[in-house]
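In the numbering used here, the protein residues as written are 5 to 776.
No residue lacks a Cβ here, since even glycine has one placed at the ideal position from N, Cα and C.
For clarity, every value in this text was computed on a predicted model and none was experimentally measured.
Notes to accompany the following structure.
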Ligand SMILES: Nc1nc2c(c(=O)[nH]1)N[C@H]1C(S)=C(S)[C@@H](COP(=O)(O)OP(=O)(O)OC[C@H]3O[C@@H](n4cnc5c(=O)[nH]c(N)nc54)[C@H](O)[C@@H]3O)O[C@H]1N2
Ligand SMILES: Nc1nc2c(c(=O)[nH]1)N[C@H]1C(S)=C(S)[C@@H](COP(=O)(O)OP(=O)(O)OC[C@H]3O[C@@H](n4cnc5c(=O)[nH]c(N)nc54)[C@H](O)[C@@H]3O)O[C@H]1N2
Ligand code: SF4
Ligand SMILES: [Mo]
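Here is the structure:
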């Protein structure tokens with residue numbers, strides 16, 4: 005089988021626009037996965053990886069955090085098209101070796117596209133870019149880690165270091181990483197969650213006492229009504245469609261709320277069922293609310309008002325008075341506030357008419373058990389936290405929290421982003437965790453909270469942070485305000501990345517830069533005591549083991565745990581106040597790490613025994629027992645001030661989103677099949693009526709200019725306008741190409757998450773094309 009060579013650069017923009025699809029994940033989806041995978045690797049490796057993915061003795065899909073069905077209910081191919089792409093992107097047979105870095109200088113690499121960098125293959129040996137040099141050169145592990153340890157030890161304060169984590173890291177690596185950072189003396193542990201579901205955690209923690217969702221796959225299958233808000237499951241959590249199909253087959257209903265009529269929200273064809281292959285598939289949404297970006301707070305306030313009014317009309321039939329009385333507080337203030345809502349405001353914020361919302365209310369009134377699912381369409385807004393609090397109000401009104409087949413379901417992104425948090429990756433872990441950690445390892449963890457992602461960038465920009473260490477991820481592309489962030493990164497004395505693949509963050513670096521290559525999920529992890537497995541937690545708090553099946557991409561790779569434990573030993577050696585951590589034993593046998601996790605993190609008792617059982621174990625969630633660990637011991641109703649997003653005349657609100665063919669900062673191809681976009685990522689979707697109003701034509705080239713109170717011009721140039729059924733006033737374009745438009749200081753209240761889904765822009769005829 006011939007593998008295709010990596011793509012040429014520049015990415016050869018050649019847009020072709022077709023009609024958006026109205027269904028997702030049928031047979032073509034599987035064909036596309038095979039195509040991509042055979043481009044990357046051989047048939048034998050494809051079989052080895054795909055057949056072991058998401059199986060009880062296999063490895064966890066490195067894609068999203070969607071849970072696996074319970075053992076016994078898994079199909080032979082328990083993965084989706086995109087999961088197959090993600091794993092094959094890692095299992096590629098292409099390799100980057102030392103001569104590659106002789107051929108390309110760091111500055112040259114910085115000019116390459118994200119896609120090109122990723123397509124070069126797996127990183128195979130540690131590399132260093134020394135101060136003053138513009139090339140990476142090979143370095144052995146001892147020297148590489150010694151250099152990093154030396155720089156860390158020279159810092160005036162441990163708080164001059166930043167330790168970033170992306171959500172693919174295993175529980176074991178994450179636990180070791182945070183322990184190392186805290187033993188070193190800092191809580192500067194920003195993570196991708198700061199850019200992702202931080203708003204969900206903040207809102208749920210405040211209102212329910214637990215920052216995670218409380219529903220299981222079973223709850224979704226058997227709910228009467230499921231809301232899908234601000235989420236594109238057809239591309240980003242494809243196996244969720246199988247669960248939603250079950251909901252439908254069991255007689256449940258689905259309401260989708262989105263400014264874009266996403267294919268997966270409309271119709272689903274199951275790739276492994278006869279009805280998906282030959283039939284029309286299952287209709288997913290019973291109701292689709294074509295909402296304006298940022299209108300969800302208003303929508304749920306409107307629904308809550310309609311429920312209060314329905315209760316007025318038929319007292320005792322709508323609200324769950326027992327539940328409200330016994331398990332919640334704050335109802336009176338909430339009620340008073342919602343009753344003052346203006347329908348004119350609702351219309352302006354949502355673009356929806358009252359009759360449309362009333363139809364959804366009717367579905368709600370007919371449904372005993374309701375689940376609300378959401379993702380980035382809600383979390384990345386200035387008013388994300390109040391919006392999610394309002395959803396909690398909605399669920400509490402009819403007692404849809406803490407009972408089976410109902411609840412709140414933030415659908416997590418990275419495969420282990422939730423687990424990383426459980427393991428202590430957070431700049432402000434609760435004191436209880438810090439005390440337990442200190443007790444277990446005989447040291448005093450730092451008391452002061454650390455920096456989250458946005459504050460880390462500010463610190464690097466201002467010279468307060470000098471050393472950056474990234475455990476997976478692509479910091480400079482994931483973060484907002486690309487130009488400012490790149491400058492901040494370049495101000496660092498040293499930047500080091502533990503990575504599987506080359507990305508922009510290796511090329512936009514500090515004076516000294518280190519590439520510390522590691523093995524991936526799909527690969528065997530051999531240590532002194534033998535072959536290891538790692539563990540992860542999915543979006544529904546199920547913890548399970550993952551065992552790679554392929555030989556590592558190179559003999560020179562170390563596992564994440566090995567890199568981190570070696571680094572810890574070098575950095576903390578002869579420090580009298582250092583924590584008492586058996587780093588070498590951790591490295592030799594990951595059971596030793598899990599034994600300690602079991603003693604520090606509640607819910608992990610007998611970790612080693614329980615996690616090796618089929619399907620692993622579920623973490624307890626007190627909310628499911630009707631216990632709310634809030635200060636009042638009750639679930640909290642909240643009164644949330646009405647807020648909406650608006651743009652001045654001649655402007656639009658831009659959301660930055662994923663295409664079907666990308667994994668976060670890494671585009672795999674230039675296509676977005678379901679939306680009918682082919683051969684380009686520099687496109688901007690605009691409603692035809694807005695195009696007309698703005699005097700612009702479909703197919704023309706424009707620059708996007710961000711408008712923000714600091715007056716700095718942020719421009720993303722040369723985008724093709726595509727007339728598209730997005731809600732009025734709301735444009736959409738891809739991340740990370742548009743991150744340059746997101747101001748660093750434009751963040752969500754409370755959670756400090758960049759407002760990647762709500763940026764005011766104006767469009768101008770393209771200057772670049774005009775100049776050509
Ligand atoms: N294939 C693939 N899968 C992935 C990822 C990937 O990059 N590729 N990334 C993973 C990660 S880390 C995450 S966090 C998840 C992200 O999963 P999603 O949240 O589905 O990802 P986005 O593409 O950011 O899509 C946001 C969706 O919200 C809608 N939206 C935008 N603004 C609003 C709004 O104001 N209101 C409403 N109601 N809707 C809105 C958009 O139209 C879009 O459908 O996916 C995970 N899975
Ligand atoms: N404008 C805008 N910005 C956004 C978003 C948005 O919707 N709009 N979404 C945000 C969200 S939700 C997220 S989660 C972030 C994502 O931000 P990140 O998590 O930082 O970015 P990724 O693109 O997932 O990181 C990809 C890199 O991870 C490394 N990697 C992959 N697998 C492994 C592994 O097993 N081990 C190690 N050590 N490294 C590995 C590879 O080197 C790869 O290049 O971006 C955020 N940024
Ligand atoms: S739904 Fe998510 S976890 Fe499941 S196979 Fe697809 S990408 Fe992987
Ligand atoms: Mo995410």
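Under 8 angstroms between C-beta atoms of residue i and residue j
| i | j | result |
| --- | --- | --- |
| residue 386 | residue 752 | yes |
| residue 110 | residue 133 | yes |
| residue 683 | residue 689 | no |
| residue 200 | residue 380 | yes |
| residue 225 | residue 371 | no |
| residue 542 | residue 177 | no |
| residue 678 | residue 66 | no |
| residue 421 | residue 84 | no |
| residue 442 | residue 449 | yes |
| residue 232 | residue 261 | yes |
| residue 296 | residue 363 | no |
| residue 550 | residue 540 | yes |
| residue 100 | residue 506 | yes |
| residue 469 | residue 476 | no |
Residue i Cβ short of 7 angstroms to ligand 5 heavy atom set
| i | result |
| --- | --- |
| residue 308 | This structure does not include ligand 5; its bound ligands are ligand 1, ligand 2, ligand 3 and ligand 4. |
DSSP-derived helix/strand/coil call for residue i
| i | result |
| --- | --- |
| residue 25 | coil |
| residue 133 | strand |
| residue 752 | coil |
| residue 257 | strand |
| residue 682 | strand |
| residue 607 | coil |
| residue 14 | Below a pLDDT of 50, predicted positions are generally treated as unreliable, and residue 14, at 49, falls in that range; the measurement from the model is reported next regardless. Residue state, collapsed to three classes: coil. |
| residue 59 | coil |
| residue 31 | Legend: pLDDT at residue 31 = 49, less than 50; position of this residue unreliable, no value from coordinates given. |
| residue 626 | helix |
| residue 757 | coil |
| residue 476 | coil |
| residue 401 | helix |
| residue 500 | strand |
| residue 108 | coil |
| residue 671 | strand |
| residue 159 | coil |
| residue 521 | strand |
| residue 771 | helix |
| residue 152 | helix |
| residue 297 | coil |
| residue 687 | strand |
Residue span of the beta strand (DSSP E) that contains residue i, given as start and end
| i | result |
| --- | --- |
| residue 584 | First-last for residue 584: undefined, no H or E at that position. |
| residue 724 | 718 to 727 |
| residue 659 | 656 to 661 |
| residue 79 | Looking at the DSSP string, residue 79 is not in any beta strand (DSSP E), and its letter there is neither H nor E. |
| residue 536 | 534 to 536 |
| residue 531 | 529 to 531 |
| residue 143 | Where residue 143 is concerned, there is no enclosing beta strand (DSSP E), given that its DSSP letter is neither H nor E. |
| residue 293 | 291 to 293 |
In DSSP terms, what residue i is bridged to
| i | result |
| --- | --- |
| residue 505 | 126 |
| residue 709 | 719 and 766 |
| residue 333 | 640 |
| residue 550 | 538 |
| residue 378 | 233 and 414 |
| residue 342 | DSSP lists no partner for residue 342. |
Boundaries of the alpha helix (DSSP H) in which residue i is found, first to last residue
| i | result |
| --- | --- |
| residue 229 | Counting along the chain, residue 229 falls outside any alpha helix (DSSP H), though it belongs to the beta strand (DSSP E) covering 229 to 233. |
| residue 515 | No alpha helix (DSSP H) holds residue 515; DSSP gives it neither H nor E. |
| residue 611 | 611 to 615 |
| residue 358 | 358 to 369 |
| residue 226 | 221 to 226 |
| residue 204 | 202 to 212 |
CB contact below 8 angstroms: residue i versus chain B
| i | result |
| --- | --- |
| residue 315 | The structure shown contains no chain B; it is built from a single protein chain. |
Rounded Cβ spacing between residue i and residue j (contact assumed at less than 8 angstroms)
| i | j | result |
| --- | --- | --- |
| residue 394 | residue 312 | Residue 394 to residue 312, Cβ: 13 angstroms. No contact. |
| residue 122 | residue 44 | Rounded, the Cβ-Cβ distance is 11 angstroms, inconsistent with contact. |
| residue 203 | residue 483 | Residue 203 to residue 483, Cβ: 16 angstroms. No contact. |
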